[in-house]
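Engineer:
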Amino acid sequence: MKKKLLTLIATIIFYYCNAQNLIPIPPIVTGTNIDLMLQNGTTQFYAGFNTATNGYNGNYLGPTIILQKGQNVNMNVMNMLNEVTTTHWHGLHVAPMNDGSPHNPIAIGATWSPSFTVMDNAATYWYHPHLHGSTMKQVIKGAAGFIIVNDDVESALTLPRNYGVDDFPIAFQFETFNNTTKQIVIDDELDNAVLVNGIVSNASINVPAQVVRLRLLNASSHRFFNFGFSDNRSFSQITSDDGLLDSSVSMTRFILSPGERAEILVNFTTQQGSSVYLMQYGTQLPAGYPGGPQDAMGMMVLGPLDNTNFNLLQFNIQAPTTNSITTIPTALTTNTVLSEVGSTSRTIAITGSPAMSMTNFLMNGVQYNENVINFSTQQDNVEVWNITNQSMMPHPFHIHGNHFYVLKVNGATPPLNMQGRKDVITVPPNGGSVKLITQYKDFNDATMPFMYHCHILSHEDTGMMGQFIVNPNPLSINEVSMNDGIKIYPNPINNTQFLNIQSETNIQSIEFFDILGRSVLTKELDNKIETIAVPNLSGVYMIKIKTENKTITQKIIIN
Numbered sequence: 261m262k263k264k265l266l267t268l269i270a271t272i273i274f275y276y277c278n279a280q281n282l283i284p285i286p287p288i289v290t291g292t293n294i295d296l297m298l299q300n301g302t303t304q305f306y307a308g309f310n311t312a313t314n315g316y317n318g319n320y321l322g323p324t325i326i327l328q329k330g331q332n333v334n335m336n337v338m339n340m341l342n343e344v345t346t347t348h349w350h351g352l353h354v355a356p357m358n359d360g361s362p363h364n365p366i367a368i369g370a371t372w373s374p375s376f377t378v379m380d381n382a383a384t385y386w387y388h389p390h391l392h393g394s395t396m397k398q399v400i401k402g403a404a405g406f407i408i409v410n411d412d413v414e415s416a417l418t419l420p421r422n423y424g425v426d427d428f429p430i431a432f433q434f435e436t437f438n439n440t441t442k443q444i445v446i447d448d449e450l451d452n453a454v455l456v457n458g459i460v461s462n463a464s465i466n467v468p469a470q471v472v473r474l475r476l477l478n479a480s481s482h483r484f485f486n487f488g489f490s491d492n493r494s495f496s497q498i499t500s501d502d503g504l505l506d507s508s509v510s511m512t513r514f515i516l517s518p519g520e521r522a523e524i525l526v527n528f529t530t531q532q533g534s535s536v537y538l539m540q541y542g543t544q545l546p547a548g549y550p551g552g553p554q555d556a557m558g559m560m561v562l563g564p565l566d567n568t569n570f571n572l573l574q575f576n577i578q579a580p581t582t583n584s585i586t587t588i589p590t591a592l593t594t595n596t597v598l599s600e601v602g603s604t605s606r607t608i609a610i611t612g613s614p615a616m617s618m619t620n621f622l623m624n625g626v627q628y629n630e631n632v633i634n635f636s637t638q639q640d641n642v643e644v645w646n647i648t649n650q651s652m653m654p655h656p657f658h659i660h661g662n663h664f665y666v667l668k669v670n671g672a673t674p675p676l677n678m679q680g681r682k683d684v685i686t687v688p689p690n691g692g693s694v695k696l697i698t699q700y701k702d703f704n705d706a707t708m709p710f711m712y713h714c715h716i717l718s719h720e721d722t723g724m725m726g727q728f729i730v731n732p733n734p735l736s737i738n739e740v741s742m743n744d745g746i747k748i749y750p751n752p753i754n755n756t757q758f759l760n761i762q763s764e765t766n767i768q769s770i771e772f773f774d775i776l777g778r779s780v781l782t783k784e785l786d787n788k789i790e791t792i793a794v795p796n797l798s799g800v801y802m803i804k805i806k807t808e809n810k811t812i813t814q815k816i817i818i819n
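So in the numbering used here, spot 241 of the sequence shown is number 501, and the numbers just go up one at a time.
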């Protein structure tokens with residue numbers, strides 16, 4: 261009798277587990293050369309329906325790129341879509357020519373090959389298209405992937421880092437599916453489903469009974485998540501967007517806006533055989549935040565999942581691994597916030613157009629114009645940005661190419677989990693404000709801008725974006741010093757002049773690319789100094805220089 265009962269229990273457990281949908285963990289790509297193919301595909305989110313999607317190296321989403329701080333990396337992004345695209349390394353500290361902004365287009369069938377040194381602290385970043393006017397449709401159809409950066413500081417801590425075993429990247433996306441055809445609806449932000457790593461219902465994950473690391477990304481076009489567990493357990497946030505916090509921060513809820521990432525530690529020790537849900541607590545979002553309750557004036561149109569609490573992901577707690585981690589560290593690192601002394605003050609005012617609009621927004625009274633530079637700064641300047649929001653809804657504000665620190669939110673010191681390195685910060689509605697501080701110290705480019713924008717993708721696509729130039733230090737005009745002793749000068753250059761390149765190690769090859777990524781000139785070499793005539797070239801080009809131990813790319817202007 262006992263044996264039959266055990267068999268019955270085992271059968272019930274078997275069918276119960278198989279009714280769940282285990283989320284896929286993205287494959288890993290590493291190394292000096294990272295090859296990505298952005299392509300169209302189809303995905304069965306719903307049984308019997310093939311939904312048109314796109315992804316990197318597959319039908320939906322993309323592989324996780326793992327990088328080490330200090331390494332040199334060559335990214336090769338091939339565009340196999342039927343439209344122009346870009347790929348932006350969201351959060352990475354790179355030069356504007358390598359950033360993947362609207363100014364780095366990848367033509368149909370072309371390959372874009374930026375090269376750079378990883379300068380970022382250990383954290384979770386991500387990559388996605390960023391072509392103006394097309395960002396939303398390309399991202400919500402699946403073009404997105406994780407980037408994990410490791411460094412020596414993080415490696416010295418006792419943290420889960422066994423990828424896919426106790427360390428999980430998890431992308432959350434609110435989506436709208438057509439009720440009949442189950443196709444993704446691009447121009448409808450009411451959202452009737454949530455995808456968890458591409459799973460649309462009964463998403464689950466098997467985790468060991470120990471401390472587990474969750475790398476959470478809000479890859480939605482519009483809505484905010486308010487995460488918490490069904491048993492109201494505490495968990496600890498250890499990173500903000502771009503690096504470790506000073507100390508782990510214990511909490512039971514936290515809000516993640518579109519574009520933001522956070523790493524949390526959850527202690528499942530002694531809970532083998534049980535299960536718990538990660539939930540969306542939409543009813544506890546601030547009023548007027550997409551995904552939560554209406555604002556006081558009832559201006560926000562509620563979608564079917566707004567202002568509700570529901571399960572996102574079931575955790576099935578299984579046997580612990582060998583050498584499992586069972587404690588959560590307190591002290592993590594030391595973040596040094598820049599001083600405001602001698603800084604440049606900048607003001608950005610967000611307004612609706614008209615004032616009560618919930619769909620059309622301006623920054624300092626204007627919308628994005630690709631040919632207009634909204635302001636310029638100088639390399640090494642410390643900048644304090646005061647951002648005010650007179651519109652009726654919150655806006656997750658993102659700056660390209662550099663991290664910042666949040667000094668104030670609505671005039672108050674930000675909570676502990678916002679005091680690390682960030683690249684997205686929510687500016688509260690109805691007169692809300694954010695004060696942040698940043699410094700563009702490593703890169704300059706007199707012609708290629710960095711972007712700033714709202715990370716609600718429809719807002720970004722319709723012009724809630726600006727751009728700025730980081731001018732070179734006056735002492736280095738006409739000479740660009742590149743990584744590890746490589747120099748190229750003059751820049752800009754007249755096409756009657758010679759371009760000079762110097763390196764501490766032998767230069768193996770030099771290749772010129774036009775703005776569409778087409779190779780227009782290649783030279784094989786074996787010298788430390790090279791002089792190149794460019795009489796037949798005119799315009800903006802990328803020059804790729806390969807030495808004995810690295811590949812570096814630099815933009816040049818030929819007049």
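C-beta atoms are modelled at their ideal positions from N, C-alpha and C, and glycine is treated no differently.
Quick one, are the C-beta atoms of residue 718 and residue 396 less than 7 Å apart?
Structural biologist: Cβ atoms of residue 718 and residue 396: closer than 7 Å.
Engineer: May I ask you to verify whether the stretch 458 to 467 touches the stretch 492 to 504, counting CB pairs closer than 8 Å and requiring at least 3?
Structural biologist: Counting Cβ pairs under 8 Å, fewer than three are found: no touch.
Engineer: In or out: residue 633 buried (at least 16 other Cβ within 10 Å) or exposed?
Structural biologist: By the neighbour-count rule (16 or more Cβ atoms within 10 Å), residue 633 is not buried but exposed.
Engineer: Contact check, residue 457 vs residue 416 under 8 Å by CB: the rounded distance?
Structural biologist: With a Cβ gap of about 30 Å, residue 457 and residue 416 do not count as contacting.
Engineer: Please report the straight-line C-alpha distance between residue 693 and residue 435, rounded to a whole angstrom.
Structural biologist: Distance between the alpha carbons of residue 693 and residue 435 is about 29 Å.
Engineer: Name the one or two DSSP bridge partners that residue 813 has.
Structural biologist: Its beta-bridge partners are 804.
Engineer: Looking only at its own chain, which residues have a Cβ that is under 8 Å from the Cβ of residue 394, when we skip the five neighbours before and after it?
Structural biologist: Closer than 8 Å at the Cβ level, and outside the excluded window around residue 394, lie 343, 344, 345, 721.
Engineer: To the nearest angstrom, how far is the alpha carbon of residue 478 from that of residue 497?
Structural biologist: Spanning the two alpha carbons is a distance of roughly 15 Å.
Engineer: Between the Cα of residue 817 and those of 801, 627, 487, 607, spot the shortest distance and give me the residue it belongs to.
Structural biologist: Selected option, being the one with the closest Cα: 801.
Engineer: Among residues of its own chain, excluding the 5 on either side of residue 670, which ones have a beta-carbon nearer than 7 Å to its beta-carbon?
Structural biologist: Hits under 7 Å: 688, 692, 693.
Engineer: Starting from residue 464, follow the beta strand (DSSP E) in both directions and report where the run begins and ends.
Structural biologist: Per DSSP, residue 464 belongs to the beta strand (DSSP E) from 463 to 468.
Engineer: Would residue 424 and residue 285 be called neighbours here (beta carbons separated by less than 7 Å)?
Structural biologist: Going by C-beta atoms, residue 424 is nearer than 7 Å to residue 285.
Engineer: If you scan the stretch 266 to 340 from start to end, which runs of the alpha helix (DSSP H) of 4 or more residues do you find wholly inside it?
Structural biologist: Whole alpha helix (DSSP H) segments, 4+ residues: zero.
Engineer: How far does the alpha helix (DSSP H) with residue 498 in it extend, from its first residue to its last?
Structural biologist: Careful: residue 498 lies outside any alpha helix (DSSP H), inside the beta strand (DSSP E) at 495 to 500.
Engineer: Measuring straight from C-alpha to C-alpha, what distance separates residue 654 and residue 555?
Structural biologist: Distance between the alpha carbons of residue 654 and residue 555 is about 11 Å.
Engineer: Counting only the same chain and skipping the five closest in sequence on each side, list residues whose C-beta sits under 6 Å from that of residue 519.
Structural biologist: Around residue 519: 656, 658, 684, 715.
Engineer: Taking the alpha-carbon of residue 731 as reference, which of 746, 354, 549, 635 has the nearest alpha-carbon?
Structural biologist: Answer by Cα proximity: 635.
Engineer: If you reduce the DSSP assignment to three classes, tell me which class residue 741 lands in.
Structural biologist: For residue 741, the predicted structure reports a pLDDT of 43, less than 50, and the residue's modelled location is therefore unreliable. The matter cannot be settled from this model.
Engineer: Hey, how far is the Cα of residue 567 from the Cα of residue 442?
Structural biologist: Going from the Cα of residue 567 to the Cα of residue 442 covers about 24 Å.
Engineer: Determine, using beta-carbon pairs with one atom in the stretch 584 to 602 and one in the stretch 280 to 299, whether at least three such pairs fall under 8 Å.
Structural biologist: Contact fails: fewer than three Cβ-Cβ distances are below 8 Å.
Engineer: Evaluate residue 727 with the Cβ neighbour count: other Cβ atoms within 10 Å of its Cβ, from every protein chain shown; 16 or more gives buried, anything less gives exposed.
Structural biologist: That one is buried.
Engineer: Would you check if the distance between the CB atom of residue 315 and the CB atom of residue 322 is smaller than 7 Å?
Structural biologist: Taking 7 Å as the Cβ cut-off, residue 315 and residue 322 qualify as a contacting pair.
Engineer: Give a yes or no on contact between the stretch 542 to 550 and the stretch 639 to 654, applying the rule of three or more CB pairs nearer than 8 Å.
Structural biologist: Touching, yes, given that three or more Cβ pairs across the two stretches are closer than 8 Å.
Engineer: Name the DSSP beta bridge partners of residue 600, please?
Structural biologist: Residue 600 pairs with nothing; no bridge assigned.
Engineer: Please determine, among 543, 577, 699, the residue with the shortest C-alpha to C-alpha distance to residue 564.
Structural biologist: Of 543, 577, 699, the residue nearest in Cα terms is 543.
Engineer: Since residue 535 contacts residue 588 with CB under 8 Å, what's their CB separation in whole angstroms?
Structural biologist: Between residue 588 and residue 535 the Cβ distance is about 21 Å, and since that is not below 8 Å, they are no contact.
Engineer: Can you find the residues in the same chain that come closer than 8 Å, C-beta to C-beta, to residue 426, ignoring five residues on each side of it along the sequence?
Structural biologist: These residues qualify, in order along the chain: 420, 467, 468, 470, 471, 472, 473, 581, 584, 585.
Engineer: Quick check: residue 686 and residue 517, are their CB atoms within less than 7 Å of each other?
Structural biologist: Yes, these two residues count as a Cβ contact at 7 Å.
Engineer: Excluding sequence positions up to five away, which residues of its chain have a Cβ less than 6 Å from the Cβ of residue 290?
Structural biologist: 326.
Engineer: Residues in the same chain with beta-carbon distance under 6 Å from residue 739, minus the five sequence neighbours each way, listed in chain order, please.
Structural biologist: Because residue 739 sits at a pLDDT of 43, beneath the cut-off of 50, its placement in the model cannot be relied upon, and the following sentence gives the value as read from the coordinates. The answer, listed in chain order, is 749.
Engineer: Helix, strand or coil: which one does DSSP assign to residue 507?
Structural biologist: In this structure, residue 507 counts as strand in the three-state DSSP scheme.
Engineer: Using the DSSP secondary-structure output, state which residues sit across from residue 573 in a beta bridge.
Structural biologist: Paired residues: 538.
Engineer: Looking at the secondary structure, which residues open and close the beta strand (DSSP E) in which residue 784 lies?
Structural biologist: Here the beta strand (DSSP E) through residue 784 covers 779 to 793.
Engineer: Quick check on residue 515: buried or exposed, where buried means 16 or more other Cβ atoms within 10 Å of its Cβ?
Structural biologist: With 16 or more Cβ atoms within 10 Å of its Cβ, residue 515 is classed as buried.
Engineer: Where does residue 449 fall in DSSP's three states?
Structural biologist: Coil.
Engineer: Which of the three DSSP states, helix, strand or coil, is assigned to residue 818?
Structural biologist: It is a strand residue.
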